[in-house]
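The numbering used here puts the first residue of the sequence shown at 166, with every later residue one more than the last. Data block below; observations after.
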Amino acid sequence: MSRRTVNALNAAAVGPYSHATWAGDLLFCSGQTPLDPGTGKLVDGNVADQTRQCFDNLFQVLEAAGLGSDDVVSVNVYLTDMGDFGQMNEIYATRFSSPYPARTTIGCASLPLGARIEIGLTAKRQS
Numbered sequence: 166m167s168r169r170t171v172n173a174l175n176a177a178a179v180g181p182y183s184h185a186t187w188a189g190d191l192l193f194c195s196g197q198t199p200l201d202p203g204t205g206k207l208v209d210g211n212v213a214d215q216t217r218q219c220f221d222n223l224f225q226v227l228e229a230a231g232l233g234s235d236d237v238v239s240v241n242v243y244l245t246d247m248g249d250f251g252q253m254n255e256i257y258a259t260r261f262s263s264p265y266p267a268r269t270t271i272g273c274a275s276l277p278l279g280a281r282i283e284i285g286l287t288a289k290r291q292s
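Structure, rendered in structure tokens:
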């Protein structure tokens, strides 16, 4: 099977992986940490600032694939501190409209480069 991948110029990767891979009409986006694609460094600030950057990066990947936020069907959020849930949730609510995608939020011990949050998602090409 040959992979059909998507890589966005305005999103960063911290390892040997593609930003997203197609499987039929589904686009599986790799998790994005809050890296500024211009500097390759983590965005300074609170988890709200980091959440915005994660979504900025992910939406660049969606755009490179010809998709948008309305095509997202599932989101996975990883937080190093579940106390940040409220701030993350406030930003999340501004990035999608009802009906919202399915979502899982997981607390974890640590993330690459010391990020406080990582977000991955799955989108579907509309028929």
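Using N, Cα and C, we set each Cβ at its ideal position, and we do this for glycine too. On a predicted model such as this, the values are computed, not experimentally measured, just so you know.
- In this structure alanine 230 does not touch glycine 205 by the C-beta definition: roughly 22 Å separates them, more than the 8 Å allowed.
- For the set Ala274, Gly180, Val212, the Cα lying nearest the Cα of glutamate 255 is the one of Val212.
- For leucine 223, the secondary structure class from DSSP, reduced to helix, strand or coil, is helix.
- With contacts defined by Cβ atoms closer than 8 Å, alanine 274 and valine 237 do not form a contacting pair.
- Nearest C-alpha to aspartate 214 among Ala185, Glu283, Arg290: Glu283.
- Put simply, of Leu223, Arg281, Gly210 the residue whose alpha carbon is nearest the alpha carbon of valine 171 is Leu223.
- Under a 10 Å Cβ-count criterion, glutamine 291 is classified as exposed, with fewer than 16 other Cβ atoms of the shown protein chains found around its own Cβ.
- Short of 8 Å from the beta carbon of leucine 207, and not among the five residues preceding or following it, lie these beta carbons of its own chain, in chain order: Thr198, Pro199, Leu200, Asp201, Gln215, Leu278, Gly279, Ala280.
- With respect to the 8 Å criterion, arginine 260 and serine 234 are classified as neighbours on the basis of their beta carbons.
- Inter-residue distance for glutamine 218 and serine 167 is about 31 Å (C-alpha atoms, whole angstroms).
- Cβ atoms of alanine 185 and leucine 192 come within 8 Å of each other, at about 5 Å.
- Distances from the alpha-carbon of valine 242 to those of Arg268, Gly251, Gly203, Gln225 put Arg268 closest.
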